Every structure is written in C-alpha cells, then in structure tokens.
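Asker: The structure follows.
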Amino acid sequence: MRPPVLHSYLLWRSSVEPDAKQLAQWRYTAAASLIPAAMVGLIVFGWYAGLLILLSLAAAMLADLLCWRYWARG
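Encoded structure:
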C-alpha cells in the first residue's frame, strides 16, 4: 500500500535541513499579516487586542533578528 501524498511530503520535509533565515522570514511575514486584524481588533475589542497583536509582531521581529544574527550566519 502506498503512503498518502501528504505523508510522503512530511517525511521529505523532515529529512531536509531547516534554513533558519528562511524560517525567520516566514515567521515575520506571517506575523506582519496580522496588522489588518490589529486594526479591526482596536475598533471592535479595544486597545488590549491591538496591544496583544503588537506584542506578537515584536516577538516575531525579535525571533527574526536572533535567527539572522546567530544561526543564519553560522
């Protein structure tokens, strides 16, 4: 019986060496895509929703900086 395509893809991805710089870029891009949600959150839920998203963006930017500085140069 052949494994499903998704299972084969996951096995292939687990055998590939992760690229820290590319992963950090994706993480920050995903976090930056939350900016529209932050704007809606400010209007609908108040300042604490915007603050939560702002903290998420700051954490993603810090992770991006650390990965670029310490692991990607390696």
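For the sequence shown, position 71 (counting from the first letter as 1) is numbered 72 according to this note's numbering, and the numbering increases by one without interruption. C-beta atoms are modelled at their ideal positions from N, C-alpha and C, and glycine is treated no differently. Note that the coordinates shown come from a computational prediction; the quantities given were computed from them, not determined experimentally.
#1: When you compare the CB positions of residue 33 and residue 42, do they come within less than 7 Å of one another, or not?
#2: Taking the CB atoms as reference points, tell me whether residue 35 and residue 54 lie closer together than 7 Å.
#3: Which of helix, strand or coil does DSSP assign to residue 35?
Answerer: Taking the coordinates as given:
#1: no
#2: yes
#3: coil
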